[in-house]
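Numbering (my numbering), first residue to last: 2 to 116. Backbone N, C-alpha and C fix where the C-beta goes; we use that ideal spot for every residue, glycine too. Written below as structure tokens is the structure these notes are about.
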Amino acid sequence: MLEEYLEFCRAVNVPALPDETDVDVTTDVPTLILAGSLDARMPTFLSEIVAQGLPSATMVVFPEGTHVQLGEVNLCAGEILRAFLSDPNAAPDTGCIAEAPRLGFPLPDGTFSAE
2 MLEEYLEFCR AVNVPALPDE TDVDVTTDVP TLILAGSLDA RMPTFLSEIV AQGLPSATMV
62 VFPEGTHVQL GEVNLCAGEI LRAFLSDPNA APDTGCIAEA PRLGFPLPDG TFSAE
């Protein structure tokens, strides 16, 4: 990617910016981050790092034994997402998390890993 950037700079005769001009990009757009202890691709600690860089981030962490797979498996995550899309500035109602079953991952035979 860097080589491509430098090549384009040379092609249009624009000098590349020096490294000391790099700054971390932030945004004030409301952002919802859903995390769960079984989420292997985006563990909770990585979601927390992302949330720290976004001033208007709302992070919802699902408890041990759960993950945030949307669809029919985690209806609670869908409820929270719909409420956020309806009013991104409102604090999310996370009451459904306490009531959600701790199913784990769906397995190919239709059972769940935590059963």
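Q.
Tell me the rounded alpha-carbon separation between cysteine 77 and alanine 91.
A. So the alpha carbons of these two residues sit roughly 17 Å apart.
(Q) Assuming contact is defined by CB atoms lying nearer than 8 Å, are serine 57 and proline 31 in contact in what I supplied? (A) Their beta carbons are under 8 Å apart, which means serine 57 touches proline 31 by this criterion.
Q.
Distance check for glutamate 21 and alanine 36, CA to CA, integer angstroms please.
A. Approximately 34 Å between the Cα atoms of the pair.
Q) When we look at the beta-carbon of proline 93 and count the other beta-carbons within 10 Å, is it buried (16 or more) or exposed? A) Residue burial annotation: proline 93 is buried, with at least 16 other C-beta atoms found within 10 angstroms of its C-beta.
Q. Does DSSP put threonine 59 in a helix, a strand or coil?
A. Assignment of threonine 59 by DSSP, reduced to helix, strand and coil, places it in the strand class.
Q: For glycine 111, name the three-state secondary structure that DSSP assigns.
A: In the structure shown, the three-state DSSP call for glycine 111 is coil.
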